[in-house]
Amino acid sequence: MEILKVIIASLLSALLLFIIAKMIGHKQISQLELFDYITGITLGSIGAEFATTLDKPWWKPVIAMIVFGAVTVTLSFITRKFPQTRKYINGTPTIIMNDGKLYRENMKKAKIELSEFLLLCRQEGYFNINDISTAVYEYNGKLTILPVSSKRPVQPEDLGISPEKEEIYTELIMDGRIMKENLKRIALDEIWLKKQLKSQNIGNPNDVFLALCNSNNELFVYKSK
Numbered sequence: 040m041e042i043l044k045v046i047i048a049s050l051l052s053a054l055l056l057f058i059i060a061k062m063i064g065h066k067q068i069s070q071l072e073l074f075d076y077i078t079g080i081t082l083g084s085i086g087a088e089f090a091t092t093l094d095k096p097w098w099k100p101v102i103a104m105i106v107f108g109a110v111t112v113t114l115s116f117i118t119r120k121f122p123q124t125r126k127y128i129n130g131t132p133t134i135i136m137n138d139g140k141l142y143r144e145n146m147k148k149a150k151i152e153l154s155e156f157l158l159l160c161r162q163e164g165y166f167n168i169n170d171i172s173t174a175v176y177e178y179n180g181k182l183t184i185l186p187v188s189s190k191r192p193v194q195p196e197d198l199g200i201s202p203e204k205e206e207i208y209t210e211l212i213m214d215g216r217i218m219k220e221n222l223k224r225i226a227l228d229e230i231w232l233k234k235q236l237k238s239q240n241i242g243n244p245n246d247v248f249l250a251l252c253n254s255n256n257e258l259f260v261y262k263s264k
């Protein structure tokens, strides 16, 4: 009975930490998956208590650490097996700026203030936001920036010509699984996708590690090896 209480308490604390971390936003968990961050600080706290409170039963913190570890492994398996669950567990990237427009509502959604956005831009080397074409706030708290064409690093093929506008590619297949929401967002369907795969001599999406689509509906496929 005592063991069951420890397990239930551990699961409840994991749930509460997850909810709190979601409320705080991505900036607290830079470079870590959300639940990896939660597990790290929790296991550290439990381990410290285990080492310092020698007068209490040793098995309670051990069970708590096992429960947290098991929850993390389970969630990691779920996100790999079912990519559509990642947006609920880890969150999703948020477009903060695109084509010279700042999206106030998206900044509120990502829980990032304008001053923080400008700081992240400077950290990436952009002191003038007019040099930015698209800025995406990733779910790990990092800012990904696509510069305007005239500010990107010079490529050999750019010499003597005007560079074309860069674009962000859309993931349509990841780890063999079709990203249905992404297909819908760019007004395409699975029939189109399977025809494109067939034209590249691929009969089964499971054989595809990654498939990307550009704004011209060109599909770039990387097979599983």
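Numbering (the working numbering), first residue to last: 40 to 264. Think of the CB as a built atom: it goes at the ideal place given N, C-alpha and C, for glycine as much as any other residue.
Taking buried to mean at least 16 other C-beta atoms within 10 Å of its own C-beta, is residue i buried or exposed?
i, result
"threonine 111", "buried"
"isoleucine 68", "At isoleucine 68 the pLDDT is 48, less than 50, meaning the model places this residue with poor confidence; the figure from the coordinates comes in the next sentence. Isoleucine 68 is buried by the Cβ-count criterion."
"isoleucine 230", "exposed"
"leucine 182", "buried"
"lysine 99", "buried"
"phenylalanine 121", "exposed"
"glycine 180", "buried"
"glutamine 70", "Caution applies to glutamine 70, whose pLDDT of 46 falls short of 50 and renders its modelled position unreliable; the model cannot decide the point."
"phenylalanine 259", "exposed"
What is the rounded straight-line gap between the Cα of residue i and the Cα of residue j?
i, j, result
"lysine 24", "cysteine 252", "The displayed coordinates of the chain run from 40 to 264. Any statement about residue 24 would go beyond what the structure contains."
"leucine 211", "isoleucine 42", "45 Å"
"lysine 219", "threonine 131", "15 Å"
"lysine 44", "glutamate 152", "41 Å"
"arginine 125", "tyrosine 165", "30 Å"
"asparagine 145", "isoleucine 207", "18 Å"
"tyrosine 176", "threonine 113", "26 Å"
"leucine 50", "serine 154", "37 Å"
"serine 254", "leucine 158", "30 Å"
"phenylalanine 281", "glutamine 162", "This structure leaves residue 281 out entirely; the chain is present only between 40 and 264."
For residue i, which of the options has the nearest alpha-carbon?
i, options, result
"leucine 185", "Ile135, Asn243, Ala103, Lys99", "Ile135"
"valine 187", "Asn167, Lys262, Gln235", "Asn167"
"threonine 209", "Ile225, Gly215, Arg216", "Ile225"
"asparagine 169", "Ser189, Gly180, Asn179, Lys148", "Ser189"
"glutamate 257", "Gly242, Asn240, Leu232", "Leu232"
"threonine 173", "Gly180, Ile105, Cys160", "Cys160"
"isoleucine 105", "Phe156, Arg119, Ile46", "Ile46"
"glutamine 239", "Thr133, Gly215, Tyr261", "Tyr261"
Which partner residues does residue i have in the DSSP bridge list?
i, result
"leucine 222", "Note: leucine 222 sits in no beta bridge, so no partner."
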